[in-house]
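Visitor:
There are 2 protein chains.
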Amino acid sequence: MRDPRREPSGDKPAPKAVVGRVSLYLRQLEAFQAQGVSTVSSSQLGSALVINDAQVRKDLAFFGQFGYPGIGYRIEELIKALRRILGIDRDWPLALVGMGNLGRALLKYRGFRNRGFRIVALFDNDPQKIGQDFDGMVVRPLDDLASAIRDQSISLAILSVPADTAQRVADQLVARGILGIFNFAPMPLIVPPSVSVIAVDLSVQLEHLAYKTQAAQGGISFVG
Amino acid sequence: MRDPRREPSGDKPAPKAVVGRVSLYLRQLEAFQAQGVSTVSSSQLGSALVINDAQVRKDLAFFGQFGYPGIGYRIEELIKALRRILGIDRDWPLALVGMGNLGRALLKYRGFRNRGFRIVALFDNDPQKIGQDFDGMVVRPLDDLASAIRDQSISLAILSVPADTAQRVADQLVARGILGIFNFAPMPLIVPPSVSVIAVDLSVQLEHLAYKTQAAQGGISFVG
DNA sequence: TAGATTGTTAATCGATTAACAATC
DNA sequence: TAGATTGTTAATCGATTAACAATC
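Structure follows, in structure tokens:
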């Protein structure tokens, strides 16, 4: 009577690293599917992404039993399941807050739209920017957030404001009912536990590249 | 005779997580310095960044002995040391490869220039883009890479091309002598071990935010 | 059936935190 | 000196990998 495709119901939150890899699995599965493949083993999926096969099985098993012993994973079925698990089996309307260079670029960036993330409202507090039109959307002041969140069912915001205003703006977002913040400001945000934050710190990452590159070149020659 | 400010000479590469945090420490130290503070303890530095004090000490100790028991860390001295360790005690000229929306945004992004990363050459293979002027720089074809790398002492490249050409372009970068790649293409790059890569996968991160937000909202209601 | 591959337990590895003697 | 704080060792925690019975 056991359904081998069962997903668990009593969910602990998945470790950060697991979720990141599941996103990669999904993308790779979609690539396999586009090539007309209908089944993969954990070792095939893993080697395409340079990930250990046991890790692939363990990551997937975290969310349920999706595989068929002796066969592997049915791609179509697994894609469907992973999209649901990640919460991208539906559209996410986004607010874009901060219309500087980075904000304007993110607005045009294709990578998000492809995966169901649609920017539907623009905000900035600079009077110079308010009223300007981008992509058919008018930039509004942050005071309009509450109504936009309500009227357009927005639950996520991209935050691309300068570091010194990031926390203040985040507080406003939280107060107006935003549930998740994609933070590009080089600042750790403090938010209530009910609100999710993912931070993308480009300077930190570029500094990491400088470190690795320097280390690869015979390293830092310290005095011993 | 021991110099308590010694840095070690036989260096293992630091763990990824350590390097990321060191970048954060440096930024926080600069903020403290701007406030006129001249000394911090590991617990002051840690609490500003929500990081355990033992972790702060251990991370710093990985690179040498910088602290003064009973006193803490002298900010000016530590900033200098960390900048050197990260390899940002000098300028890094960058090539920007791929002048799509994201590439053009990164060109304008202030966060990099502030930290010594200067984009000094633009590349794209789209004939429509070649010859166009951005910020006083002309977009060149990838064939010009070798001479630019040589003439402008470029060792790092930002790669902002579509996924389907990313590996091919990366191969060219490597062949022309690039030592580090900041990869924005949603693709794991395969490069020789002498070349460093840091990947920023915006879609994966946004999917993570969707997952967390959904999970925080009573989670995914699976069938048990 | 024989071969392949899963899900999971046990073993390993690495990272974080606690505790404290040494130091200023 | 007494108080503060480091660097480091030991304890804990979590994540990755190996191994294998169960399954198709």
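Top line first, the protein sequences correspond to chains U and X.
So the first sequence is numbered by the numbering used here: it starts at -12 and just counts up by one.
So the second sequence is numbered by the numbering used here: it starts at -12 and just counts up by one.
Ideal placement from N, C-alpha and C gives every residue a C-beta, glycine not left out.
Note that this is a predicted model, so its numbers are computed, not measured.
Beta carbons nearer than 8 angstroms to chain X: which residues of the segment 76 to 95 of chain U have them?
Guide: 79, 88, 89, 91, 92, 93 and 95
Visitor: Starting from the Cα of residue 204(X), find the closest Cα among 61(U), 181(U) and 136(U) and give me that residue.
Guide: 181(U)
Visitor: Give the range of the beta strand (DSSP E) segment to which residue 108(X) is assigned.
Guide: 104 to 110
Visitor: For residue -1(U) and chain X, any beta-carbon pair shorter than 7 angstroms?
Guide: no
Visitor: Do you know how far the Cα of residue 166(X) is from the Cα of residue 56(X)?
Guide: 39 angstroms
Visitor: Could you have a look at residue 165(U) and say whether DSSP puts it in helix, strand or coil?
Guide: coil
Visitor: Are the beta-carbon atoms of residue 198(X) and residue 88(U) separated by less than 7 angstroms?
Guide: no
Visitor: Could you give the distance in angstroms between the alpha-carbon of residue 94(X) and the alpha-carbon of residue 81(X)?
Guide: Just so you know, the alpha carbons of residue 94(X) and residue 81(X) end up roughly 10 angstroms apart.
Visitor: For residue 154(X), which residues from the same chain have a beta carbon less than 8 angstroms from its beta carbon, with the 5 sequence-adjacent residues on both sides left out?
Guide: 174, 176 and 177
Visitor: Secondary structure at residue 176(X), three-state DSSP: helix, strand or coil?
Guide: The answer is coil: DSSP assigns residue 176(X) none of H, G, I, E or B.
Visitor: List the residues of chain X that residue 198(U) touches, going by C-beta distances under 7 angstroms, in chain order.
Guide: Under the 7 angstroms cutoff, chain X gives 6, 73 and 74.
Visitor: DSSP beta-bridge partners for residue 81(U)?
Guide: 106(U) and 143(U)
Visitor: Residue 29(U) to residue 108(X), Cα distance in whole Å?
Guide: When rounded, the distance between both Cα atoms is 42 angstroms.
Visitor: What separation, rounded to the nearest whole angstrom, lies between the Cα atoms of residue 156(X) and residue 59(U)?
Guide: 34 angstroms
Visitor: Tell me, please, whether the CB atom of residue 187(X) is closer than 7 angstroms to any CB atom in chain U?
Guide: With 7 angstroms as the cut-off, residue 187(X) counts as an interface residue toward chain U.
Visitor: For residue 191(U), return the contacting residues in chain X, with the cut-off set at a CB-CB distance below 7 angstroms.
Guide: 7, 10 and 11
Visitor: What in chain X is Cβ-close to residue 181(U), meaning under 8 angstroms?
Guide: 203
Visitor: Leaving out the 5 sequence neighbours to the left and right, which residues in its chain are closer than 8 angstroms to residue 83(U) when beta-carbon positions are compared?
Guide: 90, 93, 94, 106, 108, 109, 110, 144, 145 and 147
Visitor: Can you check the segment -3 to 78 of chain U for any alpha helix (DSSP H) of at least 4 residues that lies completely inside it and give the ranges in chain order?
Guide: 3 to 21, 29 to 36, 40 to 50 and 62 to 73
Visitor: So, is the C-beta of residue 23(X) closer than 7 angstroms to a C-beta in chain U?
Guide: With respect to chain U, the C-beta atom of residue 23(X) has no partner C-beta closer than 7 angstroms.
Visitor: State the beta-bridge partners of residue 124(X) as determined by DSSP.
Guide: 121(X)
Visitor: Would you say residue 187(X) and residue 192(U) are within 7 angstroms of each other, going by their C-beta atoms?
Guide: Cβ distance < 7 angstroms, so residue 187(X) and residue 192(U) count as in contact.
Visitor: What does the Cβ neighbour count give for residue 194(X), buried or exposed, with the cut at 16 atoms within 10 Å?
Guide: buried
Visitor: Looking at chain U, is there any beta carbon in it that lies within less than 7 angstroms of the beta carbon of residue 65(X)?
Guide: no
Visitor: Apart from the five residues on each side of it in sequence, which residues of its chain come closer than 6 angstroms, Cβ to Cβ, to residue 142(U)?
Guide: Around residue 142(U): 166.
Visitor: Spatial neighbours of residue 72(U) within its chain, please: CB distance less than 6 angstroms, with the 5 preceding and 5 following residues excluded, ordered by chain position.
Guide: 50
Visitor: Looking at residue 15(U) and residue 1(U), is the spacing between their C-beta atoms short of 7 angstroms?
Guide: Contact: no.
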